[in-house]
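Novice:
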Amino acid sequence: MAQCKDCERFYVLEEDDSRGDCIQKGKDERQAYFYTKPVRAEHEADGCDSFHPRKN
Amino acid sequence: MSTTAETIDRDVEELEKNQEWWWAAEKKRSKRLDYLRKAIWKKGAIGGLYAPGVKADLERAQLHTEKARELEFSPDPFVIKFAKMLAHVLDNKTVFITDHAQLVGYTGSLPHTVAWDPSCASLLNHEVYNDPTAIPDPVEENQAIIEEIGTYWAGKSDLDKMMPVFDPEDLAKMLSGSIGWGVPMSRGGYSNKDYEYIMTGKRGFQDIIDELDKKIDELDEEIHKPVANKEIAEMVDKLNHWEAMKITLEAGIGIARRYARLARITAGELETDPLRQQELLKIAETCERVPAHPPRNLQESFQFDIFIQMLSRTEAIEGAWPARPDYYHGAYYERDVNIDKTLTPEEALDLIGEFMIRAAEVCQFKPKWSREGLQGIDGTWVWTLGGVDANGDDACNDLTIAFMKAARLVRVANPTFGFRWHPAVKDEVMREIFECLKQGLGYPNLRHDPILIANSMHWHGHPIEEARLWVHQACMSPCPPTKHGFQPMRMANATANCAKIIEYVFTSGYDPIVNMQVGAETPDAAELTDFEQFFNAWVEQMKAIFSILVRAVNRARLLAPSLTPRPFLSAISERCIESGLDACDSTLERGNAWITAFTWVENIDSLAAVKKLVFDEKKYTLGELKEALEKNWEGFEQMRLDFVRKAPKWGNDDDEVDAIMVRCLREAARFSKELKCPSGNNWPILPENVSGNIHYSNIVGALPNGRRLGDALYDGGISPGPGLDKNGPTAVLKSCSKINHISDGRAFLLNQRLSPSQLSGENGFRLWKAYVRSWADLGIDHIQFNMVDDKTLRAAQKEPEKYQEVIVRVAGYSAHFVDISRKTQDNIIQRTIQGLG
Ligand code: SF4
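For the protein sequence lines, the chains are A and B, in the order given. With the working numbering as the guide, the letters of the first sequence map in order to residues 2 to 57. With the working numbering as the guide, the letters of the second sequence map in order to residues 54 to 890.
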């Protein structure tokens, strides 16, 4: 089962590899932006519409 | 010059000639500013509702509630639990960096969201639940989440905790909505800050944390010595407050580092444009530096300020934005632009414009009555410019001018500027002010610095060196941002709907709109036999209304440190770091309270009409007038017209009516000294309105100035009624100058409309400056100008889509004309356009 750590958008924290940032590009009708939200490395990714498997 | 540049210049010239300033600004500003300006989601409510697409932010509410549940049975004292809840929000909320931005930080999770703090008041949570236009999709699912959050906070929110400890009679009168506006909460109102401690570049959050660690260690040792007494018992509370402050500071550094990490990862892995990569790395470097450490350059200084505001607005719903940006950021501008030349003036303008944009987009979910009273904006962000320094010398600098230039480029309606005028202000600065006004911004307004410094000393006893540092605490009231001078919270409910004073004289204090006894039980008006008796009844009603509102605020302020503490605000306040007490603790503050007097001038014109037509000329009896008012003038039209046309009106240099204004103000001023705040200081009145004149139009009944229930009230302060100032601008100033602007009240809002065509060119500047000189010589504390002509405003009413960017001065704040109600629009058009010269 895929987890956040398997996702291209997951950036692990150097000081704690069980946690990281989910960083994505967002866009609304007025602006584009990069945004992040903290996630756990082992968070279940199956239900996530934005999951993008890591290439390597 | 290239052909394109020539074309653009020609267009700009043409647009400026046609006074289409908003389109000209769009062409003149940099690509970055243009993008960022257009990126703003309009957060100010339109007709009490948020704009389409703007949504309540559920993320913060969920995070806050999640932590509150987790801590429910923790042995931590409340102040520490609360600090941990804030830290949890800051550690976990979504953060974003807008393309082209150089500054970061927002109260909500995404750009289109309005931050919702569920811990403030159940009544606010009900409003979120009942506002389907602001609930994000899927509405039903999210409504269920909102309900669950609301259920958790029922009985636990600040206001829910405060309600049972208020006097029930005062509470019922206050909440009836007839005489006051807002609720008494320490996490919902106008917070000044100790900028002299936190914004002078001497310390960052880490420095304060280090100091707190030392203090905590010392006190811990003290507490555990082999002795016991009252002082030691109290020390435990200090320890808790200091711990809580430390938690919020660490969380503040933590969220800045999250922005830094986002910027660094984006620059390294996601952004392909090399220029943007460099900008992102600069953002990362900035957020790694501040707020942990003091800023070193203009970008860091602005970013430091934004973090402070964002954190304070995560802790509380702040409806105002006390600030003095040219004073506190000016040295960085000077160094970067003029000395080290690390920034060109144009690059600096980009940063300044963006700094205003970051403030313009801030929004926190507010109840509908608050949104109606502040049409088109989220709160009154009146930033203070100009003025003098602590020694009394001119404090204007190059950044003062740069802010006004940036304002004309970004043309936001919020923040606006309140300019502290004094005799040594240079002509080049006056020109910039005039240019902003001429270009239809409606700001800066002018504040008479010498008068207001003297006023601060008179009313609240601020020492002159502190009084000279004052900032606008909300729209109008000066307050020093100093250790003992800053007021941590001015609760919005000390806002009196003063037209009720004269209305209640006729109803013996019974309010027919809300069907309850609210005011004093004065004798039947029909039985009063002379003007003195009538005036005495007015004084009784004034005292009754003011007392109800002030009692509630005093009670809330006394309870705030224990029931609703402000650990972050305390953490950036010298007096709290020193004492271990909460910022709201009244023993630490000198006191800077004021009663905002909405709908004040109706009293004056009404009293003048009664004096003339009832007592002097005996044309009507009080009994007849009472009946006419009860019937909302229906069946009494001729009589009503007499009261409109044959009675003298304030603002025409008419000694008879002007004397009534002065008499009313002096009665209020006398009583203001009997009303004391918990710090033992006075409660002077401050006549002004925001959009209260429209909000209250259906709440105030018929009045003796000829007004009917539902008619807009006057636009406020000491401005004459719209169209009733018939003797020209000098007569208005002369009437206003009969008021003593130092001792008759805290400040007095005066609206003036001037003709943009008359004021064009060098001659226009000369005329305006002469008018300002008369205003200053007459010792009037405030004046604000609208310089948009009727033609433009009427065209904007017909085709709002073409005039989205037209800004007008409402009262104490500016708004985009298309965002305010038709009634407010008409009210502004009805204001007399004064010809100068
Ligand atoms: S996109 Fe989804 S799966 Fe990928 S890191 Fe973010 S939350 Fe996890």
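Ideal Cβ positions, reconstructed from N, Cα and C, are used throughout, including at glycine. Computed from a prediction, not measured in an experiment: that's the story for all the values here.
1. What are the uninterrupted segments assigned as alpha helix (DSSP H) that are 4 or more residues long and contained completely in the stretch 370 to 439 of chain B, given in chain order?
2. For the beta strand (DSSP E) that Arg806 of chain B lies in, which residues bound it at each end?
3. Can you list, in chain order, the residues of its chain with a C-beta nearer than 7 Å to that of Glu264 of chain B? Leave out the 5 residues immediately preceding and following it.
4. I'd like to know if Leu163 of chain B contacts chain A, where contact means its C-beta is closer than 8 Å to some C-beta of that chain.
5. I'd like to know if the stretch 792 to 811 of chain B and the stretch 732 to 744 of chain B are in contact, where contact means that at least 3 CB-CB pairs between them fall below 8 Å.
6. Between Met288 of chain B and the rest of its own chain, which residues show a CB-CB distance below 7 Å, the 5 nearest in sequence each way excluded?
7. Throw me the rounded Cβ distance for the Trp436 of chain B and Ala376 of chain B pair, which I believe falls under 8 Å.
8. Check whether chain B comes within 8 Å of Pro54 of chain A, counting only Cβ atoms and requiring the distance to be less than that.
9. Going by C-alpha to C-alpha distance, which of B:Gly106, B:Asn839, B:Ile873 and B:Tyr866 sits closest to Gly850 of chain B?
10. Check whether the stretch 284 to 301 of chain B and the stretch 128 to 137 of chain B touch, using three or more Cβ-Cβ pairs below 8 Å as the test.
11. Buried or exposed for Ser55 of chain B, please, with buried defined as at least 16 other CB atoms from any protein chain shown within 10 angstroms of its CB.
12. With distances taken Cα to Cα, identify the nearest neighbour of Gly305 of chain B among B:Leu641, B:Gln837, B:Pro620 and B:Ser808.
13. Buried or exposed: His382 of chain B, going by 16 or more other Cβ atoms within 10 Å of its Cβ?
14. Over the uninterrupted beta strand (DSSP E) stretch that includes Ile836 of chain B, give me the two end residues.
15. Does the beta-carbon distance from Leu666 of chain B to Lys672 of chain B come in below 8 Å?
16. Using beta-carbon positions only, say whether Asp658 of chain B and Ser788 of chain B come within less than 8 Å of one another.
17. Measuring only the C-alpha atoms, how far is Pro217 of chain B from Cys8 of chain A?
18. So, helix, strand or coil for Pro39 of chain A, using DSSP?
19. By a C-beta neighbour count over all protein chains shown, 10 Å radius and 16 as the cutoff for buried, is Asn546 of chain B buried or exposed?
20. Does the beta carbon of Phe35 of chain A sit closer than 8 Å to a beta carbon anywhere in chain B?
21. Determine whether the beta carbon atoms of Ala345 of chain B and Leu334 of chain B lie at a separation below 8 Å.
22. Find out if the Cβ-Cβ distance for the pair Ala579 of chain B, Leu675 of chain B is shorter than 8 Å.
23. Would you kindly work out how many angstroms separate the C-alpha atoms of Met840 of chain B and Leu766 of chain B, rounded to a whole number?
24. For chain A, check one thing: does any of its Cβ atoms lie closer than 8 Å to the Cβ of Leu323 of chain B?
25. With a threshold of 6 Å on Cβ separation, who are the neighbours of Pro420 of chain B within its own chain once the five nearest residues in sequence on each side are excluded?
26. Excluding sequence positions up to five away, which residues of its chain have a Cβ less than 6 Å from the Cβ of Glu43 of chain A?
27. Which parts of the stretch 594 to 628 of chain B are runs of the beta strand (DSSP E), unbroken and 3 residues or longer, counting only runs that do not cross its ends?
28. For Glu30 of chain A, go through chain B and note every residue whose CB falls closer than 8 Å to its CB, in chain order.
29. Any heavy atom of the ligand SF4 closer than 7 Å to the CB of Val148 of chain B?
30. Is there a Cβ of chain B sitting closer than 8 Å to that of Asp18 of chain A, yes or no?
31. Does the beta-carbon distance from Gly426 of chain B to His748 of chain B come in below 8 Å?
32. In chain A, which residues lie less than 8 Å from Ala92 of chain B when you measure between Cβ atoms?
33. Would a C-beta distance cut-off of 8 Å place Gly608 of chain B and Phe219 of chain B closer than the cut-off?
34. Does the stretch 407 to 422 of chain B come close enough to the stretch 364 to 371 of chain B that 3 or more CB-CB pairs lie under 8 Å?
35. Do we get a CB-CB distance below 8 Å when we pair Val465 of chain B with the residues of chain A?
36. Residues of chain A with CB under 8 Å from Asn149 of chain B, in chain order?
Specialist: Quick answer:
1. 378 to 386, 398 to 413 and 421 to 426
2. Asn804 to Leu807
3. Ile630
4. yes
5. yes
6. Leu272, Glu275 and Ile276
7. 4 Å
8. no
9. A quick correction: the sequence has Gln, not Gly, at residue 850 of chain B. Comparing Cα positions, the closest option is B:Ile873.
10. yes
11. Only weak support exists for where Ser55 of chain B lies, its pLDDT of 45 falling under 50; the value from the coordinates is given anyway. Under this definition Ser55 of chain B is an exposed residue.
12. B:Pro620
13. buried
14. His835 to Asn839
15. yes
16. no
17. 51 Å
18. strand
19. buried
20. yes
21. no
22. yes
23. 22 Å
24. yes
25. Leu177 and Glu180
26. Gln4
27. none
28. Gly106
29. no
30. no
31. yes
32. Arg31 and Gln32
33. For the record, residue 608 of chain B in the displayed sequence is Arg; it is not Gly. Closer than 8 Å, so yes.
34. yes
35. no
36. Asn is not the amino acid found at residue 149 of chain B; the sequence shown has Phe there. Near Phe149 of chain B (Cβ distances below 8 Å), the residues of chain A are Gly27, Tyr34, Phe35, Tyr36 and Thr37.
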